[in-house]
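So for the sequence shown, numbering that gives the first Met the number 0 puts the first residue at 0; every next one is plus one.
Glycine is no exception: its CB is placed at the ideal position from the N, C-alpha and C atoms.
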Amino acid sequence: MGTGDGDLLQDTLKAASFDGGSPDRREQEVFLRVETSNATEAKVGALVVFTFTFLAWCAIIILLALKIHFDKSPHFSKSAVVAYPAACVSIAACLVTLLAVRFSIFTLRAISAIRRGLLWRPRRRRMAGLAWALGLSQLTGTTAWLIPYAFILARPCQFTGTFVWVMISIRTMCWGTTLSIYMMLGHSLLVWHPRGGPKAGARRRGQLLVLDAPLWVHLDKFVLWLCWLAAAVFVMAPWWLEHHHIAPLRLPGQTDCRELIYVTSCVARPVQRDAVLAIAILTACFFVLYSFYLLKAWWQLKQLPCVDARPARINFSLQARSILLAFKVVLVGTFVLRFGTGKFACWTFVINDLGVIPLEIIGVAVAWHFCFLYMPKDAESDPVIQVWLQDFAWTEEEVEDKIQQRVARGNGANEVEELAAEPIFCIETAIKLHHWSYCAYRRLEGEGEEDEEAQAARRILEDYSTANAQEQGAGGNAEGVHTNGQHRGHHANGTHAGESQRDSLGEGQEPDIVAQVFPAVYMAERAIHRMGHLTRHPSGRHRASDEAEVAVGEDLEQAKAATDELIRLGMLQYGLTHIEDFWSEQLDTKVLVAWQRNLVLLAFRGTASLANAKSDLKVWRVAHPPERGLFWLGTQPLVHSGFWRAWVADDLNLRVLGLVQKLYSSGEVDPNARVCVTGHSLGGALAMLAAHDIATQIEPKRLQVYTYGAPYPGNHSFCRSYEAVCPDTWHIVNDRDPVPRSGKFFCLFKRPGNRVRINRRGEMIVRPNPLEMQVAGPSRRVSHHFLVSYRAAIVAICQAQFGRRGVQGGADGVLRLVAIPELADLAGDLQKKGIMVEGSEWSSTTRESAADDSETAQGPDLA
């Protein structure tokens, strides 16, 4: 391992933490829950926000209906001072209890950390402080909403006494404070450029965020807060000074104050009306400015290295799905309920000045969510284990060293055992198995009953143009790649053709790069293009003119030769000595099995025919054999019907498993030989089904599964069963690939194993938590599903290591990759990107990389 990469684990820790503190001091540091949140915690937080947002919108609709109904009357009776306050007290009591419990836990953990003398890194201290202040402000405001309604229930004749107005004033000030904290959180996401540059030992200029800046940068929020308070004073002052209130009207014979009719005498003074309007305008200003911060942060975070921007992206995702929703509810609630009908009638006074139910609901939800995620991690549980698991290895040779590094930092026997059992992602393995995923698309010789020419046409059209047909069917503007250049004899490592050049190859690549890097694809597309001249013979078979037939034949020969070269290169990558094809004619399922003494490799083909597409669409579930568990309790493993039938059709599963079992039992492979299973798209789902059977029936010592754009194979119960026997499973997902992000059907399907998210900007996130996955956004692009797009993303990740997006030791890691003889084509791809690699040295001809060489050499600084 290179010296520069020896500290890559520290860089990974920095990626998941706010300050990148030394991992050796973890027992002395404070860690926040958001840094180690698992899928369950993230989903609980998201569910709370979603549920409370829904309730807030329902409350707005109900209150608007009540406002329209009661504002038609010049007075209102005891319903305003009995029924409505009783409902508000019930709701407020629940909200205060919920937030008070969470806020108390937050406070106790913070006090415990301070008493134990634990180290608070600057970013953690700032974020925890903002979250604590938000919780305190919201808890105080909600309590000030609860108390006056409880007071009114106890003393209805003092409906607008001085005590009630004091509580109203406190609640109004708390809302101004809450909105100001929202603004500070949004502003903290932006890149900060201090005057004179960063101090010695500080983060690099591009890594500094407003979160690192002193508090005076938030002076503008303080000014807005003062304006809010001034407006609140003008609203409340006349009531304090003149004791202006709603006077009860005593009718003859009435003695019970609860039965009095309250006359509509709560008409506001002009200064009050102006102040209320000012508060509404200030609320809109808060929203506009916060939205500006969020949009600017979204643009800036895309420019930062993935490692450096990871904490900010999680924070951005959290705010976009909580605070932004809160602002929308606040705006609608403020303007609709205040200025809808009867602007200053008594019901408007009751549902606005005494406290707006939807605003309190959404405010508590956001405060609870931030207190939940940004409170200190429980000292009794491991604070960084999830961070360590996001480490990765560049080459297979360093995998064991990486695991040992991780284990060495464990505390206690249980933690060490758990760390040792966890797998680690390897980029070299991902590159090699990506190559084999493409090799699986090669057709068998002599399939079906067509003659030689029909077989050739069918093979090319199904294997290489399916992607083009899918893209056109999705409404894209993809077109086949046709060039006049001659075929160049590079080692190929390709995929389907048919994507647009920009989407499939990455930005900045030459138009004829398909011919250079993927010659098999290029020659197949030429054959498809020339097949346009084919005519249909009366016999029903396709025939061509002499010229077209000769041209197609030449292209098919060259495509076959290039495809054979792909297989040959794949065999060399792992020193494989034998290969065998398996094909199910019934559902057109194909798998390649190759092996040598220490490795057995299975590569499943993805969707390449109409029969495969039909398998994809059979989304109902069937029991996974042997049947176990109870369906009604959700413990029965169920799998995708189409995928399962494709795996067992024509006894394909028995034939494949039989061969693997024979290899072990006959001694042709070592008893400790590794088994690698891979596949793209449909092939990825089949790879998981096959891996589960191999693990349970053959029980190899080491089983690895790498999939590319794989869909969901089964339900939650099947995932638990799968992960128990196949923990070393990695699903590589390319940016906006729609296939691995669709077909979940709410909770019917789930993907087992670990996820690795990549994109053509050179970013890679290993084991992203749900908050990180949400940063990608909802958009989808069919072209991102093709294997050539996955290859372009992998090349972009390697290229990024020589520029500002690189991780510490990344350049050394790529140099070790290209030094592997079987990955020589990777060096050629980097050369086309302007990265010249030779031995252990590199140089750059690209402006971005050259400008960032000195910066990358420094590595990421610690706070």
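Buried/exposed call for Q403, threshold 16 Cβ in 10 Å: For the purposes of this step, residue 403 is taken as residue 404 along the sequence shown, with counting starting at 1. Exposed, because fewer than 16 other Cβ atoms sit within 10 Å of the Cβ of Q403.
Three-way DSSP call (helix, strand, coil) for T176 in this model: Working through the sequence shown from its first residue, we reach residue 176 at position 177. Note: T176 maps to helix in three-state DSSP.
Alpha-carbon spacing of R654 relative to A612, whole angstroms: Here residue 654 refers to the residue found at position 655 of the sequence shown. Here residue 612 refers to the residue found at position 613 of the sequence shown. Here the alpha carbons of A612 and R654 stand approximately 23 Å from one another.
C-alpha gap between V335 and V363, whole angstroms: On the sequence shown, position 336 is the one that residue 335 refers to. On the sequence shown, position 364 is the one that residue 363 refers to. Going from the Cα of V335 to the Cα of V363 covers about 21 Å.
Where A593 sits in the DSSP three-state scheme: Your numbering for residue 593 matches position 594 in the sequence shown. Residue state, collapsed to three classes: strand.
The beta strand (DSSP E) enclosing D580, as first and last residue numbers: In the sequence shown, the residue the question calls residue 580 occupies position 581. Here the beta strand (DSSP E) through D580 covers 577-583.
Alpha helix (DSSP H) segment containing F150, residue limits: In the sequence shown, residue 150 corresponds to position 151, counting from 1. From DSSP, the alpha helix (DSSP H) with F150 extends over 121-153.
Contact between the segment 705-716 and the segment 726-742 (3+ Cβ pairs under 8 Å): yes
Nearest-angstrom Cα separation, counted from C305 out to L814: The residue labelled residue 814 in the question sits at position 815 within the sequence shown. The residue labelled residue 305 in the question sits at position 306 within the sequence shown. Their Cα atoms are separated by approximately 20 Å.
Cβ separation of R740 and N753, assumed to be a contact under 8 Å, to the nearest whole Å: The residue you call residue 740 lines up with position 741 of the sequence shown. The residue you call residue 753 lines up with position 754 of the sequence shown. R740 to N753, Cβ: 16 Å. No contact.
DSSP three-state assignment for R604, whether helix, strand or coil: Position 605 of the sequence shown, counting from 1, holds the residue named residue 604. It is coil, neither helix nor strand.
Closer than 7 Å: T394 CB and nearest the ligand PLP heavy atom: Looking at this structure, you won't find the ligand PLP or any other ligand, since it has none at all.
Where R108 sits in the DSSP three-state scheme: Locating residue 108 in the sequence shown gives position 109, where the first residue counts as 1. Correct three-state label for R108: helix.
Distance between F102 and C284 (C-alpha atoms, nearest Å): Taking the sequence shown and counting its residues from 1, one reaches residue 284 at position 285. Taking the sequence shown and counting its residues from 1, one reaches residue 102 at position 103. Going by the C-alpha atoms only, they are around 29 Å apart.
G808 versus E722, A689, R750, A392, residue with shortest Cα-Cα distance: In the sequence shown, counting from the first residue as 1, residue 808 sits at position 809. G808 has its Cα closest to that of A392, out of E722, A689, R750, A392.
Residue from Y292, F630, C370 with nearest C-alpha to V100: Counted from its first residue, the sequence shown places residue 100 at position 101. Residue C370 holds the alpha-carbon nearest to the alpha-carbon of V100 among Y292, F630, C370.
Residue closest to S187, alpha-carbon to alpha-carbon, out of P213, T176, E698: Looking up residue 187 in the sequence shown gives position 188. Among P213, T176, E698, the Cα nearest to that of S187 belongs to P213.
Assigned exposure category for W136 - 16 Cβ within 10 Å defines buried: In the sequence shown, counting from the first residue as 1, residue 136 sits at position 137. First, the residue type needs correcting, since residue 136 is Ser and not Trp in the sequence shown. By the neighbour-count rule (16 or more Cβ atoms within 10 Å), S136 is buried.
Proximity to K431 [Cα-Cα], best of E34, T35, D824: Position 432 of the sequence shown, counted from the first residue, corresponds to residue 431. That would be D824, whose Cα lies nearest to the Cα of K431.
Pick from T677, G713, C718, A684 that is closest to L702, judged by C-alpha positions: Taking the sequence shown and counting its residues from 1, the one referred to as residue 702 is at position 703. Proximity to L702 across T677, G713, C718, A684 peaks at T677, based on C-alpha coordinates.
Exposure label - E416; buried when at least 16 CB within 10 Å: Your numbering for residue 416 matches position 417 in the sequence shown. Per the 10 Å Cβ criterion, exposed.
Rounded C-alpha distance that separates L656 from A602: Your numbering for residue 656 matches position 657 in the sequence shown. Your numbering for residue 602 matches position 603 in the sequence shown. Cα to Cα, the separation comes out at about 13 Å.
Segment limits, beta strand (DSSP E) that includes I764: Within the sequence shown, the letter at position 765 stands for residue 764. I764 -> beta strand (DSSP E) spans 763-765.
Whole-angstrom distance between I313 and A684, CA atom to CA atom: Locating residue 684 in the sequence shown gives position 685, counting from the first residue. Locating residue 313 in the sequence shown gives position 314, counting from the first residue. Cα to Cα, the separation comes out at about 29 Å.
A296 versus I757, V209, Q585, residue with shortest Cα-Cα distance: Along the sequence shown, read from residue 1 onward, the residue named residue 296 stands at position 297. Minimum Cα distance to A296 is reached at V209.
Cut-off 6 Å between Cβ atoms - residues of its own chain near L133, not counting five sequence neighbours on either side: Stepping through the sequence shown from its first residue, residue 133 is reached at position 134. So the qualifying residues of the chain are I180, A366, F369.
According to DSSP, residues forming a beta bridge with H691: As a working note, residue 691 is residue 692 in the sequence shown. According to DSSP, which records beta bridges pairwise, H691 is partnered with nothing at all.
Length of the line joining the Cα atoms of S89 and L358: Here residue 89 is taken as the residue at index 90 of the sequence shown, counted from 1. Here residue 358 is taken as the residue at index 359 of the sequence shown, counted from 1. Roughly 16 Å separates the two Cα atoms.
N768 - DSSP class collapsed to helix/strand/coil: In the sequence shown, counting from the first residue as 1, residue 768 sits at position 769. Coil, per DSSP.
Distance, N758 Cα to R277 Cα: Mapped onto the sequence shown, residue 277 falls at position 278. Mapped onto the sequence shown, residue 758 falls at position 759. It should be noted that the sequence gives Ala, not Arg, for residue 277. So the alpha carbons of these two residues sit roughly 46 Å apart.
Spatial distance of F886 from R790 (CA atoms): This structure cannot settle anything about residue 886, because the visible part of the chain is limited to 0 through 862.
Three-state secondary structure assigned by DSSP to C797: Here residue 797 corresponds to residue number 798 of the sequence shown, with the count starting at 1. Residue state, collapsed to three classes: helix.
Test item: CB-CB of L598 and A686 under 8 Å: Taking the first residue of the sequence shown as position 1, residue 598 is located at position 599. Taking the first residue of the sequence shown as position 1, residue 686 is located at position 687. Taking 8 Å as the Cβ cut-off, L598 and A686 do not qualify as a contacting pair.
Cβ of L358 within 8 Å of any chain D Cβ: Among the protein chains of the structure shown there is no chain D, as only one such chain exists.
Residues near M182 by beta carbon distance below 8 Å, same chain, minus five either side: Taking the sequence shown and counting its residues from 1, the one referred to as residue 182 is at position 183. Cβ neighbours of M182 beyond the five flanking positions: H217, K220, L223, F285, L288, Y289, Y292.
Which residues DSSP lists as bridging Y437, in chain order: For this step, residue 437 is matched to residue 438 along the sequence shown. Beta-bridge pairing links Y437 to no other residue.
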